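Residue numbers (my numbering): 563 to 716.
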């Protein structure tokens, strides 16, 4: 739907090898953006966390500047567990920002405040549906206005 190229290997393949191939392909095609989806790495699964660390090491072997940005996608419906997950990922892997999904559901997104307060990480994107257009840049002012309709911006 997005018109993006996809690099994938057989199920069970080494995620770092897939990452290496994807970056090599992106560089050879002159792409200026590569998204790597690590597919549900839970902070409680040490082996999966080690795979993410390995992916970052592989990227840095190709270019010490990579990855240029590491975002953690969190499920807004997970509440405080999302904060624990963000803390662990930030400590173990190092993240630069958050994308918060499923804000269209029952979640109020209060986790945004906790993440900003405890981790000083920017919220970069929010997901408010399942279509491509539903992934939007996060606006703190719009978020506060949605929570507090009488907010005047000061």
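Built from N, CA and C at the ideal position, the CB exists for glycine as well.
Computed from a prediction, not measured in an experiment: that's the story for all the values here.
With a Cβ-Cβ cutoff of 8 Å, do residue 690 and residue 677 count as a contact? By 1-based counting over the chain shown, the position of residue 690 is 128. By 1-based counting over the chain shown, the position of residue 677 is 115. Not closer than 8 Å, so no.
Where the beta strand (DSSP E) through residue 698 begins and ends: The count along the chain shown starts at 1 and reaches residue 698 at position 136. 697-699 is the span of the beta strand (DSSP E), which, as asked, contains residue 698.
Classify residue 698: buried if its beta carbon has 16 or more other beta carbons within 10 angstroms, exposed otherwise. For the purposes of this step, residue 698 is taken as residue 136 along the chain shown, with counting starting at 1. Classification of residue 698: exposed, given that the 10 Å Cβ count is below 16.
Would you report the Cα separation of residue 619 and residue 666, rounded to the nearest angstrom? As a first step, residue 619 must be located in the chain shown, where it is residue number 57. As a first step, residue 666 must be located in the chain shown, where it is residue number 104. Distance between the alpha carbons of residue 619 and residue 666 is about 35 Å.
What does a CB cutoff of less than 7 Å around residue 722 pick up in its chain, not counting 5 residues either side in sequence? Residue 722 lies beyond the stretch modelled for the chain, which goes from 563 to 716, so this question has no answer here.
Boundaries of the beta strand (DSSP E) in which residue 683 is found, first to last residue: Taking the chain shown and counting its residues from 1, the one referred to as residue 683 is at position 121. Counting along the chain, no beta strand (DSSP E) covers residue 683, and no H or E run does either.
At a cut of 8 Å, does the stretch 580-597 reach the stretch 616-636 through at least three beta carbon pairs? The stretch 580-597 is in contact with the stretch 616-636.
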